[in-house]
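A quick write-up on the structure given underneath.
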Amino acid sequence: SKLEEKDSQGYSLRARLREETEAPFRKVRLFVYYSSAASAALGALVAFTRILGAIFANNPTGQPLSETVPNVLIDLGVVGAAVLLIRADNAAGKKRLDRLSRGAALAALTVEDELGIARKLSYFRLKKRPVIVCGNADTVNAVMASAFSLRKELTEREVVVVPFIKGEGGSAVFE
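Residue numbers are given in this note's numbering: position 146 of the sequence shown equals residue 229, and the series is strictly consecutive.
Structural data, given as C-alpha cells:
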C-alpha cells in the first residue's frame, strides 16, 4: 500500500505519520527556528551594511558603530542558536524515525506459534508482549529453558517468548 512505500530517505509514510504523532509540534518548532534564523540573518545583513556605510561613506547621520556592531553580533548569535536547534530537532526526528522503522520491520517478521501457524509478529503484539531471544542455538536454548521455568509468570504478564537462532543451523529445543 501507499503507506508502506519507502521514500528517498528509506522511511515509509506510515513511519513518518507515526513520528508526527509522537512529536506533534515539531513542525511548528522548526517553523519558529527557521523564521528566527531568517529574521536574524536579514537583521544582520542590514546592520552589516550600516557598518560598511559608516566605515566607508563616513556618514555622521547614520547609526553609531557602538550600537550597530552589538546588533550584528546579537543577530549572528540568534542565527547560530537557531541552526543548533534545527540540527538537534532534525537529529531527534531522524532518531524517532529510525526507531519506528525498526519496530515496523520487527512487526513484519513472520514467526511460527506453538500450533505451527505462521503469523506476523504484529499479530502477537496485539494480544501479548513479545520478547525476541536472538543468538546461537546454545544461547537461545539456555534462555528458553529459563523462560520455561517462568512460564506461569510470563503467561500472567501476557509475555510470549520468540526464539530466533542466528548462525549455523540448529533449532531451539523446548523441554
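Don't be surprised by glycine CBs; every beta carbon is placed ideally from N, CA and C.
| Asked | Found |
| --- | --- |
| Coil, strand or helix - Lys203 by DSSP | strand |
| Three CB pairs or more closer than 8 angstroms across the region 206–222 and the region 235–249 | yes |
| Beta-carbon contacts of Val256 that lie in its chain and below 6 angstroms, excluding the five residues immediately before and after | Any reading at Val256 needs caution, since the residue's pLDDT is 49, under 50, leaving its predicted position unreliable; the model's value is listed next. Result list for Val256: Asn224, in chain order. |
| Whole-angstrom distance between Ser119 and Lys110, CA atom to CA atom | 14 angstroms |
| Simplified DSSP assignment, three categories, for Glu239 | helix |
| Exposure of Ala127, with buried meaning 16 or more beta-carbon neighbours within 10 Å | buried |
| Glu65 burial status per 10 Å Cβ neighbour count (16 or more: buried) | It is not possible to answer for residue 65, since the shown part of the chain is limited to 84 through 258. |
| Phe231 - DSSP class collapsed to helix/strand/coil | helix |
| Burial state of Ser229, where buried means 16 or more other Cβ atoms lie within 10 Å | exposed |
| Whole-angstrom distance between Leu135 and Ser95, CA atom to CA atom | 50 angstroms |
| Lys85 - DSSP class collapsed to helix/strand/coil | helix |
| Euclidean distance between Cα positions of Tyr116 and Glu236 | 50 angstroms |
| C-beta atoms of Ala123 and Val166 nearer than 8 angstroms | no |
| Distance CB(Ala190)-CB(Ser205) smaller than 8 angstroms | yes |
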